[in-house]
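Participant: So that we are looking at the same thing, I have put the structure below in structure tokens.
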Amino acid sequence: MMADYLHPDRYFDPDPAQRHIARALYGQVAHLPLVCPHGHVDPRLFADPDYRFGSPTEMLLIPDHYIVRMLYSQGVAMEDMAIPRRDGGETERDHRRAWQRFADHFYLFRGTPTGLWLREELADLFDVTELLTGANAQAVYDQIDARLR
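The opening residue of the sequence shown carries number 0 in numbering that gives the first Met the number 0; numbering runs sequentially from there.
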């Protein structure tokens with residue numbers, strides 16, 4: 000199910016003639032798997048068939064330097080995002096609280112490539128059909144967590 004906030008033509012040119020061609024081309028390849036030479040997923044995860052993420056925070060927030068940089072630039076401490084410290088010092092251990100902070104600041108990603116990617120990821124992989132906000136953060140966390148189990 001596609002989220003209401005993700006327009007099906009979101010990547011196509013607004014010019015109707017170009018959009019028509021883009022839709023036709025996309026329709027021919029949409030079913031094919033992605034081959035991406037650049038990624039941010041640790042390749043060791045693909046090699047271990049038994050690997051499981053412990054939480055939505057561990058999967059989506061902690062390893063994503065784009066999210067971390069944005070939140071940090073707006074005053075959210077890395078320790079509050081459950082980012083492990085090099086010196087072994089204290090960090091947030093409650094991944095739900097870290098996720099709540101992320102959701103409380105999700106508006107910062109409006110109009111950014113990271114925001115588009117996050118919204119699409121939440122919708123396509125986890126069937127999240129509403130925009131992530133502080134108000135629905137825990138329900139979205141539970142929905143993603145259930146899919147990870």
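All residues carry an ideal CB built from backbone N, CA and C; glycine is no exception.
Please work out which residues of its chain come closer than 7 Å, Cβ to Cβ, to LEU44, disregarding the five sequence neighbours upstream and downstream, and give them in chain order.
Facilitator: Here residue 44 refers to the residue found at position 45 when the sequence shown is read from its first residue. Cβ within range, chain order: TYR50.
Participant: What residue range does the alpha helix (DSSP H) around TYR140 cover?
Facilitator: Reading the sequence shown from its first residue, position 141 is the one you call residue 140. Residues 136-147.
Participant: Over the uninterrupted alpha helix (DSSP H) stretch that includes ILE66, give me the two end residues.
Facilitator: Looking up residue 66 in the sequence shown gives position 67. That run of the alpha helix (DSSP H) goes 64-72.
Participant: By the DSSP assignment, the alpha helix (DSSP H) with THR113 in it spans what residues?
Facilitator: By 1-based counting over the sequence shown, the position of residue 113 is 114. Element bounds for THR113: 112-125.
Participant: Name the two residues that bound the continuous alpha helix (DSSP H) containing HIS94.
Facilitator: Along the sequence shown, read from residue 1 onward, the residue named residue 94 stands at position 95. Note, HIS94: alpha helix (DSSP H), 94-103.
Participant: For the region 93-104 against the region 74-85, are there 3 or more C-beta pairs whose distance is under 8 Å?
Facilitator: Yes, they touch.
Participant: Using only the alpha-carbon positions, how far apart do TRP116 and ASP86 sit?
Facilitator: Here residue 116 is taken as the residue at index 117 of the sequence shown, counted from 1. Here residue 86 is taken as the residue at index 87 of the sequence shown, counted from 1. Their Cα atoms are separated by approximately 32 Å.
Participant: The alpha helix (DSSP H) that contains HIS19, what's its start and end?
Facilitator: Numbered from its first residue, the sequence shown carries residue 19 at position 20. Run containing HIS19: 15-28, per the alpha helix (DSSP H) assignment.
Participant: Is it right to say ILE143 is buried, meaning 16 or more other beta carbons lie within 10 angstroms of its own, or is it exposed?
Facilitator: Taking the sequence shown and counting its residues from 1, one reaches residue 143 at position 144. ILE143 comes out buried.
Participant: Would the beta-carbon of ASP113 fall within 8 Å of that of TYR71?
Facilitator: As a first step, residue 113 must be located in the sequence shown, where it is residue number 114. As a first step, residue 71 must be located in the sequence shown, where it is residue number 72. Correcting the residue identity first, residue 113 is Thr in this sequence and not Asp. Not a contact, by the Cβ cut-off of 8 Å.
Participant: Using 8 Å for Cβ pairs, my map puts PHE105 next to LEU124. What's the rounded Cβ distance?
Facilitator: Here residue 105 refers to the residue found at position 106 when the sequence shown is read from its first residue. Here residue 124 refers to the residue found at position 125 when the sequence shown is read from its first residue. Not really, about 17 Å apart at Cβ, beyond 8 Å.
Participant: Less than 8 Å between the C-beta atoms of LEU107 and GLN73, yes or no?
Facilitator: One-based indexing of the sequence shown puts residue 107 at position 108. One-based indexing of the sequence shown puts residue 73 at position 74. Yes; because the gap between Cβ atoms is below 8 Å, this pair is in contact.
Participant: What is the rounded straight-line gap between the Cα of TYR10 and the Cα of ARG92?
Facilitator: In the sequence shown, counting from the first residue as 1, residue 10 sits at position 11. In the sequence shown, counting from the first residue as 1, residue 92 sits at position 93. Looking at the two C-alpha atoms, the distance is approximately 38 Å.
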